[in-house]
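Colleague:
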Amino acid sequence: MDVTAATNTPEMYTITASGTFTFDRNVGVRTSPFMAQSSAATYVAGESVNYDSKVKNDNHLWLSYIGASGNRVYVDYANIANNEYFGTDTNSTDPIQAGSEPTTGEGLGTLYGQEGANHADATPDGTTYTTTGNFTYTTNGAYGRETTLMDSQGIDHIVVNSTVPYTAKIKADNHYWLKYVSANDGKTYYVPYATIVDSTTGVLRYYGEDSNWGDPVYASGGSTSTGGGLPTPSDQENLGELTGAEGAAVANQTADGTVLDSQGHMGIVADVNVYEIPDINSTVIDTLAGGNDIYYEAKVKSGNYYWACYSPNDDGHYVYFPYAQISPFVSYVTDENPGDPVYTTGGGTTGGRDQGGVDTGTPSLSGAQPLASLDGYEFPMKGWVKMLSGAATRTQPTFSSDFETGTTHAKGTKVNYVGKTNGTEHTRMWVKFANGHYMPIGQLSVGLNDLTKNNDSAYSETVANYVQDQNTSQPWENIWPYTKMVNGKTRGNKVYGPNNTSWEEGYNIDNLTPSEDFVPTSDEIDEMERIKSEITANRNDDDVLITYITDTHVDSYQTPGTAMGLRAIMLASYFTSHYGTDLMIHGGDLNDGVKSRELSLIDTERAVDAVKLSRRPYIILQGNHDDNSGYVRDMAGYQMDQIVTAADEWSLRSSQWLQRPSNPNNAVYGTYEIPDSNITVLVLDGFDQPEIATDTTDDGNPHFNTFRHGFTRYSKPQYDWLVNTLPQLAASGRKIMVFNHIMPRGVTGWKTLLDLSNHFENAHDLSGYSALIYDELTKYSNSIIGYVAGHTHEDDHAYSGGIQFVTTTCALPDRGTGDENRAPKGNRDQLAFDVFQISTKNGTVNRHRYGFGDDNMSPNQYLPSLGGSRLAEWSF
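Note that my numbering numbers the sequence shown so that position 443 is 1050, with each residue one more than the last.
#1: Given Gln1249, which residues of its chain have a CB within under 7 Å of its CB, disregarding the five upstream and five downstream residues?
#2: Thinking C-beta only, is Asp1327 closer than 8 Å to Pro1352?
#3: Tell me whether Lys1018 is buried or exposed, calling it buried when 16 or more other Cβ atoms sit within 10 Å of its Cβ.
#4: With Ala613 as the anchor, note down where its alpha helix (DSSP H) starts and where it stops.
#5: What would DSSP say about Val1345, mapped onto helix, strand or coil?
#6: If Tyr1089 and Leu1055 are in contact, beta carbons under 8 Å, what's the gap, nearest whole angstrom?
#7: How many Å lie between Pro702 and Leu668 at the Cα?
#8: Can you tell me the Cα-Cα spacing of Gly733 and Met757, whole angstroms?
#9: Flag this pair as yes or no: are the beta carbons of Gly1458 and His1348 separated by less than 8 Å?
#10: Pull up the distance between the alpha-carbon of Gly1030 and that of Thr1287, whole angstroms please.
#11: Taking three-plus beta-carbon pairs below 8 Å as touching, is the segment 1037-1052 in contact with the segment 969-984?
#12: If you measure between the beta carbons of Asp1150 and Ile1445, is that distance less than 8 Å?
#13: How about the segment 1333-1342 and the segment 1379-1398: do they share at least three Cβ pairs that are nearer than 8 Å?
#14: Between which two residues does the alpha helix (DSSP H) containing Leu1259 stretch?
#15: In angstroms with no decimal places, state the Cα-to-Cα distance between Glu722 and Gly923.
#16: For Gly983, does the count of other Cβ atoms within 10 angstroms reach 16, so buried, or fall short, so exposed?
#17: Taking Leu811 and Ala724 to be in contact with their CB atoms under 8 Å, please state how far apart those CB atoms are, rounded to whole angstroms.
#18: Looking only at its own chain, which residues have a Cβ that is under 8 Å from the Cβ of Phe1040, when we skip the five neighbours before and after it?
#19: Taking DSSP as the reference, what is the three-state secondary structure of Val1201?
#20: Which term fits Gly751, buried or exposed, when burial requires 16 or more other beta carbons within 10 angstroms of its beta carbon?
#21: With burial defined as no fewer than 16 other Cβ atoms inside 10 Å of the residue's Cβ, what is the status of Asp900: buried or exposed?
#22: Smallest Cα separation from Gly1194: which of Ser789, Pro640, Ala1439 and Thr737?
#23: Suppose contacts are defined by Cβ-Cβ distances below 8 Å. Is Asn819 in contact with Gly740 by that definition?
#24: Asn1331 to Pro1324, Cα distance in whole Å?
#25: Pick from Tyr800, Gly847, Thr1014 and Thr611: whose alpha carbon is nearest that of Gly815?
#26: Starting from Val788, follow its DSSP beta bridges and name the residues at the other end.
#27: Determine, using beta carbons only, whether Met1191 and Arg1223 come nearer to each other than 8 Å.
#28: Return yes when the Cβ of Tyr917 is within less than 8 Å of the Cβ of Ala925, no when it is not.
#29: With DSSP as the reference, label Pro977 as helix, strand or coil.
#30: Take Asp587 as the anchor and find which of Asp1241, Tyr1073, Asn1272 and His1400 has the nearest alpha-carbon.
#31: Can you look up Ala1479 in the DSSP assignment and give me helix, strand or coil?
#32: Have a look at the DSSP bridge pairing and note the partners of Cys916.
#33: Three-state secondary structure (DSSP) at Glu1136?
#34: From Gly720 to Gln860, what does the alpha carbon distance come to, in whole angstroms?
#35: By a C-beta neighbour count over all protein chains shown, 10 Å radius and 16 as the cutoff for buried, is Pro948 buried or exposed?
#36: Tell me the rounded alpha-carbon separation between Gly990 and Ala1405.
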């Protein structure tokens, strides 16, 4: 397609076009052409649909037709930004206007340059042209402001050569303005991009270059009142849920000017007049006769009427007609999308913060894909095997006699290797030597059924009495379907079973690709709707919503469950973007870290892509699995080039929203202030150490307790930062929500039956700062909302030192609390994430659980059968 022309085509540009479209992927059916709206149904790959029209809107091209319900529906069939179609079409005509730079015309945004400036006096201040593009400031910088007035305070500095992605243009105060979301603090600002009449030259002056020319003026003078632009939606919570006489009965509780973000077709039953503004006493500019079909884009309550807002010429100039009288209630139309601009509880009229979070825009995704198979893959690792029986070497990992070297390693000899593979036939485990030769160390089917973890100083592993391996795990113990062959590894009296659960036996791995085209199942949507209803029932006008998911342990090869970890993130992101929360937090252990560095980096990229689908500010915490040290310690013989360094991790998972101080270990700690709220999110890193921790070695070499994988540490710089930050936040009156992958040492009162001394932070703290951090936090307990962590894979809670501490079950379904009970019943019962609803005005936190646990756990209930307790609400 012509992407430039498509981008410049007005929103809701519609053409009459019929044909049949066959989809090559799953796509959703919606009641309006907006990607943020939930899908009512899904076309799966291979299915076809007959359509009667096409629409351009919301960076997509849409098919439209009358659905089985008798209402018009929409299906997106192409992504404009990606220049990508979602299948094949019998009619190749797209809803795109030719040309990329408008020069003349009668509508809003059709002029630019001095010609447009000559018409600016006839365009009212406040006129808004809804359009998108990128403006690069080449001649001078500017400041983003909270209003479109030049004497208001400049807040967000736009320096020369910076580019601003905008969502609208406004004419006000002798300037043209861009509306945008700041990358610095996530807030919406307005920044001037041109002076209409420059005080020196007397003519228009632009400040740079625009990717989408067209200024917010009317070619023919346009609006003669305050009308023109599409009105800004009001708070949508509890809005539009009533219709007809029921809504009219409580309409007096809703303020005039309330705007419902609603789109659809109205059939005009009785003649109605058209106005520039929603005021029955203003000038009539047109009349719509009965029988007309009008596509509207918003509904407004004003005076004793409900109004529909539409653009007669699809040119961005919007006008209004009354579609119903409120008292006594009389409707003048039929409406395919019922719901009037009134609140069910009279809400939205005063005060309160905007709900739904700040949309960060279309994410840039890596598109990383896992390898199709690991058969024949050579894992880089070093170690030795001691021969318990003799074995011959070969130039290739195959039993073909053509590749024999004539060398045999006899029983009792110890030989060093640099890699492992399952060879050409994929039936045996082979080690690779530095000279490029290979030697078998056991059959996969036999060897994985007979593994013994030796209780020696090296923590070695014996494979089927064939070899003694210096490393404690074989890579195939974590590769499906070999995973389920592991039949109990012992060390002393402890048995180590396979990583999979019994319900996974009949499943194959399903690796998804993170994409904005992802559509949840109907069961998953139902679960999200349940959470939405819970949030609405507990709604406060200052609510902050945080999506929290942790311990996804994404691994594209290990088990069906570890692959589902990616789906869990995609579901959490879908809820965040489509239902609207303020922040997405991943609590660490994003990936499992038990593969080669190459494979772990791919899984990390895929998981980060899934987080980015949230289209909200996000923070990804440091876990003990994320640096791949589990692979390095247990399989790769301490081969440090297989570590994913903290710097590497940050480059992949970095958050522009986290105010992260520079620190020597590239640790992930810092703060984020939720916009328009009194809440600061404070992030800690319980694995803040160099790649080789110096507190456990005096020879500079790695040892078992060197790695993040099994031990917690904090650095002095992090502790000093916390000591300085907490009193500042407390003094400013901020309320603090703390997130870390693990708990600090010193918390008491857990509700599970676990021995407190065995808690990871108590048994594996090597820095000594963990307990000091707990002490420091308790000094400011009056300012702390709560402390949330993962790591344990269990729901639990403790009130300790005046602070509510909460742990959360893992997101993936085959580990932690209830793993054997997470058999598929529609994915909602397997996966898990939380939404925290926080009101500082009421001093309350409501915790809403998606998926596993919600049917079984009630507030503050202790469930010994599940080994934990999910705290659903608390006060602070």
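Heads up, the beta-carbon is just placed ideally off N, CA and C, and yes, glycines get one too. None of the values given here were measured: they were computed from a predicted structure.
Modeller: Taking the geometry as given:
#1: Counting only Cβ-Cβ distances below 7 Å, and skipping sequence neighbours, we find Pro987, Ser1203, Arg1204, Asn1235, Tyr1238, Val1239 and Ala1243.
#2: For the sequence presented, residue 1352 should be read as Arg rather than Pro. No, Cβ-Cβ distance for Arg1352 and Asp1327 is not below 8 Å.
#3: The residue in question, Lys1018, is exposed, as its Cβ has fewer than 16 Cβ neighbours within 10 Å.
#4: Per DSSP, Ala613 is one residue of the alpha helix (DSSP H) stretching across Val610 to Asn615.
#5: DSSP places Val1345 in strand when its eight states are reduced to three.
#6: 6 Å between Cβ atoms; contact.
#7: Within the model, the alpha-carbon separation for Pro702 versus Leu668 is close to 7 Å.
#8: For Gly733 and Met757, the distance between alpha carbons rounds to 13 Å.
#9: No.
#10: Distance between the alpha carbons of Gly1030 and Thr1287 is about 53 Å.
#11: Counting Cβ pairs under 8 Å, fewer than three are found: no touch.
#12: Yes.
#13: Segments in contact, yes.
#14: Ala1253 to Arg1260 is the span of the alpha helix (DSSP H), which, as asked, contains Leu1259.
#15: Here the C-alpha atom of Glu722 lies approximately 19 Å from the C-alpha atom of Gly923.
#16: Gly983 should be labelled exposed.
#17: Contact flag correct, Cβ pair sits at about 4 Å.
#18: These residues qualify, in order along the chain: Thr1000, Val1022, Asn1023, Tyr1024, Val1025 and Met1046.
#19: Of the three classes helix, strand and coil, the one that applies to Val1201 here is coil, per DSSP.
#20: The residue in question, Gly751, is buried, as its Cβ has 16 or more Cβ neighbours within 10 Å.
#21: Exposed is the call here.
#22: Out of Ser789, Pro640, Ala1439 and Thr737, Ala1439 has the C-alpha closest to the C-alpha of Gly1194.
#23: Taking C-beta atoms as the reference points, Asn819 and Gly740 count as a pair closer than 8 Å.
#24: For Asn1331 and Pro1324, the distance between alpha carbons rounds to 11 Å.
#25: For the residues Tyr800, Gly847, Thr1014 and Thr611, the minimum Cα distance to Gly815 belongs to Tyr800.
#26: In DSSP, Val788 forms a bridge with Thr795.
#27: Yes, Cβ-Cβ distance for Met1191 and Arg1223 is below 8 Å.
#28: The amino acid at residue 925 is misidentified as Ala; the sequence shows Tyr. In this structure, Tyr917 lies closer than 8 Å to Tyr925 by Cβ.
#29: In the three-state reduction of the DSSP assignment, Pro977 falls in the coil class.
#30: Look at the range of the chain in this structure, 608 to 1483, and you will see that residue 587 is not part of it.
#31: Reduced to three states, the DSSP call for Ala1479 is coil.
#32: Paired residues: Ala905 and Tyr927.
#33: Note: Glu1136 maps to helix in three-state DSSP.
#34: C-alpha separation (whole angstroms): 46 Å.
#35: The residue is buried, with at least 16 neighbouring Cβ atoms inside 10 Å.
#36: Rounded to the nearest angstrom, the two C-alpha atoms are 43 Å apart.
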